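Number of protein chains: 2
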Amino acid sequence: MTSTPLQPTARTSLRRSKERAATDRQALYDVLLDGMFCHLGVVVDGHPLVLPTAYGIDLDHSADGIMYLHGSVAARSVVAAPEQTVCVTVTHTDGLVLARSAFHHSVNYRSAVIFGVPRLVTGAEEKLHGLNRIVDHLVPGRSTAVRPPNRKELAKTSVLALSLTEASVKTRSGPANDEEEDLNLPYWTGVIPLHSVAGEPENNPDCDLLVPAHVRSRANRLGAPS
Amino acid sequence: MTSTPLQPTARTSLRRSKERAATDRQALYDVLLDGMFCHLGVVVDGHPLVLPTAYGIDLDHSADGIMYLHGSVAARSVVAAPEQTVCVTVTHTDGLVLARSAFHHSVNYRSAVIFGVPRLVTGAEEKLHGLNRIVDHLVPGRSTAVRPPNRKELAKTSVLALSLTEASVKTRSGPANDEEEDLNLPYWTGVIPLHSVAGEPENNPDCDLLVPAHVRSRANRLGAPS
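Read top to bottom, the protein sequences are chains A and B. With the working numbering, letter number 182 in the first sequence gets 195, and the count goes up by one each step, no holes. With the working numbering, letter number 13 in the second sequence gets 26, and the count goes up by one each step, no holes.
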C-alpha cells in the first residue's frame, strides 16, 4: 500500500490547539484500527443526524484506505449518505484530566474525523468484502466462523465505502496543565485513566460450544485495564 | 421536577427496530447520567461536523431538563450551534453480539439522540452554573474542589443550553437472535461484554496530595467490570 500524508483542507485543519493535531496517516489508521464504533453524521431534512455504528477498514486496496459502513437499506443515515458529504468521527477517551483550575480541566483522548462522499457499494463481491471487514474489525477472524450472508440478507443491507483521504486526527495525553500562579493551590490534580475493556464472553443460552480462540483473543486483546 | 414523556417527532420516531425504542424520559436521563461524553453534530458550510465533547445535565430547573455544552468561543461547532438545529448523541456500547450468521451480528448498546436549537448562555450566573454541571458530571463534587473560572476564562468560553425536549432513546440487550434454521449450525454464539472502566487515579508529577474522596469515588463508581 502506498499512502499520502493527511492533506489538511479547510475543514480538517484544526483552528485551535494545533499542537494536538497529528498529520500523518499512521496516526489516523491507529485511531481507526483501535476503535470499534464510530459516529456517522449526515444531513437529513436540513438538520444533522448523528448515529453510532460499526465500521470496517481496508488499507490494502487503495492509496488512502477505505472505511466500510453498513446499515439497513431503510436506515435514514445510510440512505442519505451516498448523496452527500458525511462526517465520521471515531473517539477514544483515555482519561479525565483534573486541573487545579476548573478552566484547565480536560480529557485525554484520540479522535479521528473523516469527511467524504461515500460510495454505495453495488458489486456483490465488494459488498460481501465490506461486510466481512466490518465483522472482522469487531472480532478478527469472525467472518470465517459464521454462516455468510445469503442473497436475501445482502439485499436488505446497504454497504458504503468512504475513502480515508480527507481526515484529521487530534489527540491529548499527559497530565493537567495549570497556570503558573495556580501551582500552589491546595487542590489535587491528576488524571483518572479510562479504559474500554471486555468481560468474559457469555455463551448464548442455547449454545454449549467452547468459546473459540478468535472470540477469546478479542476479549483478551481488549482485556482488563493495565 | 415535572416532566412529560418523550414526544416522538418525525425525526425522533424510530423507523426500524421499533421494539428498541424507549419512550419514557427516565430512560433518556439514565443514558445521559450514565455517560461522560457526547458527539455533537452541527452543519458547517453545508456539511455535517461531528465532534466529541463533554456535557452536563440539569434536571432541576426546567420541565424537560437541560444539557449544557461548552467550548472555546472560537470553536467551529460551538459557534455554529446556536443558530441551528443540532443533534447530540450519547452512546454506551455494552457488548458485541456474535450470532451464528454474519447478518445477525449486533451490538448491545444504549443511545440517546437529542435534537434542538441550543441557546447561547449569556448570563454570568447561568454560565458558571452550566460549567459547574459539566465538571460535576465528569467528576461529581469537583466544581467545589477547584479554583473557579475567572472573568477572563469565562469570556473565552461559550456555554450552550439544549433543552432535552425532543429526544429518542434506543437500546439493545440480551443474546444473539438467529434464524430458526441456523440454530444447529456449529458456530459459537454469545456476547462479549464491553465496559468503560477507570484505572487508579494518577497524581500530576507536581502534586503530592492524597487522592481526594470525590476523585476516588468517581474512579470507584466506574470501577472494574462486574
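Every residue, glycine too, gets a C-beta built ideally from N, C-alpha and C. Note that the structure is a prediction, hence the values are computed from the model and not measured.
*asked:* For the alpha helix (DSSP H) containing Asn217 (chain A), name the first residue and the last one.
replied: No alpha helix (DSSP H) contains Asn217 (chain A), which DSSP labels as neither H nor E.
*Between the C-alpha atoms of Arg183 (chain B) and Ser124 (chain B), what's the straight-line distance to the nearest angstrom?*
The residue you asked about is not Arg; residue 183 (chain B) is Lys in the sequence shown. If you take the alpha carbons of Lys183 (chain B) and Ser124 (chain B), they lie about 5 Å apart.
*Arg231 (chain A) versus Gly69 (chain A): straight-line alpha-carbon distance, rounded*: The straight-line gap separating the alpha-carbon atoms of Arg231 (chain A) and Gly69 (chain A) is approximately 15 Å.
*Inside the segment 137 to 200 of chain B only - alpha helix (DSSP H) runs reaching at least 4 residues*: 137 to 151, 164 to 169
*Would you grab the beta carbon distance between Ala180 (chain A) and Thr25 (chain A) for me? Rounded to a whole angstrom, and I think it's under 8 Å.*
About 6 Å; that satisfies the 8 Å criterion.
*Can you tell me whether Lys140 (chain A) is buried or exposed, with buried defined as 16 or more other CB within 10 angstroms of its CB?*
By the 16-neighbour rule on beta-carbons within 10 angstroms, Lys140 (chain A) is buried.
_Excluding the 5 residues flanking Asn175 (chain A) on each side, which residues of the same chain have their C-beta closer than 6 Å to its C-beta?_
The residue asked about is misnamed: residue 175 (chain A) is Leu in this sequence, not Asn. Residues of the same chain with a CB within less than 6 Å of the CB of Leu175 (chain A), apart from the 5 flanking positions on each side, are Met80, Gly129, Pro131 in chain order.
_Top-ranked residue by Cα proximity to Val224 (chain A), from A:Arg164, A:Ala158, A:His208_ = The candidate whose alpha carbon is nearest that of Val224 (chain A) is A:Ala158.
*Mind checking the segment 190 to 212 of chain A against chain B and listing, in chain order, the residues whose C-beta falls within less than 7 Å of any C-beta there?*
Asp195, Leu196, Leu198, Tyr200, Trp201, Thr202, Gly203, Val204, Ile205, Pro206, Leu207, His208, Ser209, Val210, Ala211, Gly212
*From Arg155 (chain B) to Asn233 (chain B), what does the alpha carbon distance come to, in whole angstroms?*
15 Å
*Taking only runs that begin and end inside the segment 31 to 76 of chain B, name each unbroken beta strand (DSSP E) of 3 or more residues, in chain order.*
Qualifying beta strand (DSSP E) stretches, in chain order: 50 to 57, 60 to 67, 69 to 71.
*Tell me whether His105 (chain A) sits in a helix, a strand or coil according to DSSP, three-state version.*
strand
*Determine, using beta carbons only, whether Lys153 (chain A) comes closer than 8 Å to chain B.*
With the sequence shown as reference, residue 153 (chain A) is identified as Pro, and Lys is not the correct amino acid for it. Output row for Pro153 (chain A): interface = no.
*asked:* Please list, in chain order, the chain B residues whose beta carbon lies closer than 9 Å to that of Asp58 (chain A).
replied: Ala23, Arg24
*For Ile147 (chain B) and Gly203 (chain A), the rounded distance between their alpha carbons*: The alpha-carbon atoms of Gly203 (chain A) and Ile147 (chain B) are separated by roughly 18 Å.
*Is the CB of Asp149 (chain B) under 8 Å away from at least one CB in chain A?*
no
*Give the straight-line distance between the Cα atoms of Leu133 (chain B) and Ser171 (chain B), rounded to the nearest whole angstrom.*
Straight-line Cα distance between these residues: approximately 7 Å.
*What do you reckon, are the CB atoms on Asn82 (chain A) and Leu64 (chain A) nearer than 8 Å?*
The sequence given here places Leu at residue 82 (chain A); Asn does not occur at that position. The answer is no: Cβ separation not under 8 Å.
*Could you check the C-alpha separation between Asn216 (chain B) and Leu151 (chain B) for me, to the nearest Å?*
If you take the alpha carbons of Asn216 (chain B) and Leu151 (chain B), they lie about 17 Å apart.
_Between B:His105, B:Cys100, B:Ser186, B:Leu144, which has its C-alpha nearest Leu62 (chain A)'s C-alpha?_
B:Cys100
*Across which residues does DSSP place Ala125 (chain A) in a beta bridge pair?*
Bridge partners of Ala125 (chain A): A:Val103, A:Val182.
_Tell me which residue opens and which closes the alpha helix (DSSP H) that Ser90 (chain B) is part of._
89 to 93
_Tell me which residue opens and which closes the alpha helix (DSSP H) that Leu235 (chain B) is part of._
226 to 235
*Listing by chain order, which chain A residues have their CB less than 7 Å from the CB of Leu222 (chain B)?*
Trp201
*asked:* I'd like to know whether the C-beta atoms of His105 (chain A) and Leu111 (chain A) end up nearer to each other than 8 Å.
replied: no
_Since Ser209 (chain A) and Ser209 (chain B) should fall inside the 8 Å C-beta cutoff, what is the C-beta to C-beta distance between them, to a whole number of angstroms?_
6 Å
*Indicate the three-state DSSP secondary structure (helix, strand or coil) for His83 (chain A) in the structure shown.*
strand
_Can you list, in chain order, the residues of its chain with a C-beta nearer than 8 Å to that of Pro95 (chain A)? Leave out the 5 residues immediately preceding and following it._
Val130, Pro131, Arg132, Leu133, Leu173
*Residue range of the unbroken beta strand (DSSP E) whose run includes Ala112 (chain A)*: No beta strand (DSSP E) holds Ala112 (chain A); DSSP gives it neither H nor E.
_Endpoints, beta strand (DSSP E) assigned at His118 (chain A)_ = From DSSP, His118 (chain A) is part of no beta strand (DSSP E); its letter is neither H nor E.
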